[in-house]
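Residue numbers (our numbering): 86 to 438.
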Amino acid sequence: MSKCLFVTGGAGFIGSALVRLLVNNTKYSIINIDKLTYAGNLESLKSIENSPNYSFVQADICDSEKINGLFNKYKPSGIIHLAAESHVDRSITGPNEFIQTNIVGTYNLLECARTYYNSLGDKSDFKFVHVSTDEVFGSLGETGYFSESTSYDPRSPYSASKASSDLLVRAWFHTYNFPIVITNCTNNYGPYHFPEKLIPLIINNALQLKSLPVYGNGKNIRDWLYVDDHARGLLLAFECGTIGESYCIGGHNERNNIQVVNTICSILDELKPRVDGKRYSDLITFVTDRQGHDYRYAMDPSKIMRDLGWKPLEDFDSGIRKTVQWFLDNKEWVEHVQSGDYQKWINKNYENR
Ligand code: NAD
Ligand code: DAU
């Protein structure tokens, strides 16, 4: 019988990439546990939804009765925890959901998982992988990199909530000997990215000839990683990561925001030239800066490369071209997000199961 693995947040951007990887390329039996907030989209899992080693359960990680029930029912060998509120701008205008899901939800999941773990005869096989972000480390100046030894210095409600959850996870290891691994990754991009984040927003606005909003002077720097490279890193962290350790993930792809936006515009000029003969970059509009906007993120991924043999398969040039092409080829997915139809998928496809 194949081992069961829980993935929380598997209907989100990174979670769905991980679920597709696990269902297609491993023998695990995957239980995707997701509340289906605005960011959860089961259409992203259409390609694997009928696979025999995949099941979806709609559940809130804050609901201990339901989560305890799932542990008792499925008896998983591990859990990869991605469920979270993930958008920095939303955390600035409304932090409450971030505190609830990212902190209280992670605490609840830890407690449910620990109760289940304590009930196991053979404990050697269980692992809890907590998926976190480079934003917990704060903001860099012109030089230097984040690594596993960088002190935490979160500065937005989102990053503070993620840092809190990391600390809870680490405390459960030190206090209860609970088997955890933490990963901290840089900015992801790729297919099925919800079009509120910079890259999918720019691609989709450009295709609709809407303005391309760049915060402040556009000089803020992010370190971009293609989402499937992150997913492979998470699988390695689950299978080979040392209990109690954390792993920083990133592909050395630093770009400032205006470079990113200009790159997308040039690729679109080539793949889908505007009918009015203008360039997509003519749509760029500098807008009011994000409050407390972190200047620069950049990661040193040496540890996961050395210890777990991880390396990215895409660099930014190859990954961004694939991403733009994916959005050109998958207009229906975007249209359903924009119309809200993606939230009807659960009723249409799961009501009789
Ligand atoms: P996302 O917003 O696309 O998806 C989050 C998923 O979690 C959604 O499917 C949503 O329905 C689900 N969810 C939210 N609240 C829930 C709850 N209370 N119970 C159950 N499910 C709930 O996020 P993402 O960009 O895929 O990020 C996934 C994880 O990776 C997050 O923990 C995030 O902090 C982390 N991360 C993201 C990035 C990035 O660049 N996007 C980088 C590093 C780390
Ligand atoms: O670094 C990892 C983090 O990356 C993850 O933990 C978060 O979940 C994820 O959302 C992402 O956070 P960012 O805030 O870096 O991503 P976002 O796409 O929102 O913004 C990227 C940069 O682009 C940032 O400097 C703000 C800027 N920006 C963003 C938007 C949405 C713009 O200039 N214009 C925009 O419209």
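Ideal placement from N, C-alpha and C gives every residue a C-beta, glycine not left out.
Contact check between the segment 376-389 and the segment 213-233: three or more CB pairs, one atom from each, fall below 8 Å, which counts as touching. Asp313 and Ile389 have their C-alpha atoms some 16 Å from each other.
DSSP, read as helix, strand or coil, puts Ser224 in coil. Going by C-alpha positions, Val216 is about 8 Å away from Leu319. Taking 7 Å as the cut-off, one finds no heavy atom of the ligand DAU near enough to the beta carbon of Arg340. Taking non-hydrogen atoms of the ligand NAD into account, the C-beta of Ala383 is found less than 7 Å away from none of them.
Distance between Arg105 and Gln185, taken at the CA atoms: about 27 Å. It is roughly 31 Å from the alpha-carbon of Ser241 to the alpha-carbon of Asn153.
Boundaries of the alpha helix (DSSP H) around Cys325: 312-325. The beta carbon of Lys304 sits closer than 6 Å to the beta carbons of Asn341 from its chain, once the five residues preceding and following it are set aside; these are given in chain order.
Exclusion of the five residues before and after Ala291 leaves Leu297, Ile349, Cys350, Leu353, Tyr365, Leu368 as the residues of its chain whose Cβ lies within less than 8 Å of its Cβ. Cβ-Cβ distances below 7 Å link Cys325 to Leu393 in the same chain, with the five nearest sequence neighbours on each side left out; the list follows chain order.
Taking C-beta atoms under 8 Å as the contact rule, Gly206 and Leu90 fail to qualify, at a distance of about 19 Å. For Gly190, the secondary structure class from DSSP, reduced to helix, strand or coil, is helix. Beta-bridge annotation (DSSP): Leu297 is paired with Ile369.
Residue range 149-159 is occupied by the alpha helix (DSSP H) that includes Leu155. By alpha-carbon distance to Lys88, the top candidate from Lys212, Thr191, Lys151 is Lys212. Just measuring C-alpha positions, the residue of Tyr243, Asn415, Ser140, Val409 sitting nearest Asp219 is Tyr243.
Nearest C-alpha to Gln143 among Ile118, Val409, Ile188: Ile118. For Ile352, no beta strand (DSSP E) encloses it; the enclosing alpha helix (DSSP H) starts and ends at 342-356. Taking every protein chain shown into account, the CB of Gly179 has fewer than 16 other CB atoms within 10 angstroms, so this residue is exposed.
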